[in-house]
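Shown next, in structure tokens, is the structure this report addresses.
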Amino acid sequence: MPVRKKKKITKKQKEKRTKFISAGLVLLLVFSVGLFLGENKQSDLTLNRGIELFKEELLTFFNTKEEIDQTENQETTIRFLDANQGSATLIQAKDGTTILMDSGRYEDKDKKIIQQLDQYVGTGGKIDLLIFTHNDSDHIGNGDLITNYYDVKEVWMNGNDATSQIYERLLDAIGKSNAIYTEPKTGENYQVGPFKIEVLNPNEQSKNDQNDDSIITKITVNQVSGLFSGDASQGIEKTIFESGTDLTADYILMGHHGSDTSTSEEWIKASRPKFAIFSAGENNSYGHPGEEAIDRLRKQSIPIYGTIENGTITATIHEDGTYSIETEKGDNLVEDDA
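Under the numbering used here, the first residue of the sequence shown carries the number 72, and numbering increases by one thereafter.
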């Protein structure tokens, strides 16, 4: 009579079981806290995330198939997330390398940015580089939650202090995380996965101005480049293009949410983009995007996409250096009404 040998559990299986049990305990704790706190948006968000984490671990535990690389057959994408009157851009490579530039407004009651990140990154997923172009609340809102909720490997900031509680909470979250902290400067080049990142601002001579000290980058992958200028003004743009820096780009994220004070005619001519994007909220009190800035692009026959009309805008970069654009809603570009 054959002897039935007890099947040994591998180290990986043990880890999965431990995670499953831990997730169950976490869910129980979170649910108890949610009942104790009652109706509260923040506690509701925490409870929902606990449930999502539990569901993910449950699926992992019962999955007996070989693990599949979720990035297989996917292509590099740049998503200009609908962040209302804020800014957040999610850049993901085919190999899974993920960059998030800015994190939207704090006044995001429904935490739409978190929902979008859960969709595209995965609950608790990896963010290789989190860039805060500057410390205004419409660019670092949700930053503390993102640092806590996701596996953030590195954080970039411009080095300027701010006095807001949002900023203080963000610094506290970064300090408690395992993320590397960096203050990049003009002339530095970085390689993050397949992405080449050229830092164009700020320089060593800080202006002590959040907007003009914005981290400005040129990011290239598959021979396709984009310019991201935060809230920097035309004066900073002029300093950069007069330095002789190669600003040629396939697309630009318009500075300061499309404000007239940014995206100068010289900046446009130097970069020669094939399309431009602005991130702004509907009926915002700032008048973004500015009519003059829009007109400067239209005079160069450059298509314009905006989160007001289009919601989240996704540019897919193909391996042959071509790209395609999809929008969440509305027409594919801001038509010239003239």
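The C-beta atom is built at its ideal place from N, Cα and C for all residues, glycine as well. Predicted, not measured: the structure shown is a model, and the values here were computed from it.
Non-local C-beta neighbours of Asn274 in its own chain, meaning closer than 7 Å and more than five positions away in sequence, comprise Lys256, Thr257, ordered along the chain.
Taking C-alpha positions only, Ser248 is separated from Tyr191 by approximately 22 Å. For Tyr357 and Lys289, the gap between their C-alpha atoms comes out near 27 Å. When DSSP states are grouped into helix, strand and coil, Asn231 belongs to the coil group. Taking a cut-off of 8 Å on C-beta distances, the segment 161 to 171 does not touch the segment 304 to 315, as fewer than three cross pairs fall below it. Here Asp181 is exposed, its C-beta having fewer than 16 other C-beta atoms within 10 Å. Here Glu362 is exposed. Its C-beta has fewer than 16 other C-beta atoms within 10 Å. In the three-state reduction of the DSSP assignment, Gly326 falls in the helix class. The Cβ-Cβ distance between Gly193 and Ile184 does not fall below 9 Å.
Ranked by how close their Cα comes to the Cα of Met172, the residues Leu298, Tyr220, Leu242, Asp232 have Leu298 in first place.
A distance below 6 Å between beta-carbons, with the five flanking residues on each side excluded, links Ser285 to the following residues of its chain, in chain order: Thr204, His205, Gly301, Asp302, Ala303.
Our two residues, Glu397 and Ile379, have alpha carbons roughly 15 Å apart in a direct line. Burial check for Asp232: the Cβ neighbour count within 10 Å stays below 16, so the residue is exposed. If you ignore the 5 residues before and after Ala244, its C-beta comes within less than 6 Å of the C-beta of Asp215, Thr218, Asn219, all in its own chain and listed in chain order. Residue burial annotation: His359 is buried, with at least 16 other C-beta atoms found within 10 angstroms of its C-beta. As for any beta strand (DSSP E) of minimum length 3 sitting wholly inside the segment 262 to 297, the runs are 266 to 272, 287 to 292, ordered along the chain. According to the DSSP assignment, Ile237 belongs to the alpha helix (DSSP H) that extends over 236 to 247. By the neighbour-count definition (other C-beta atoms within 10 Å, threshold 16), Asn155 is a buried residue.
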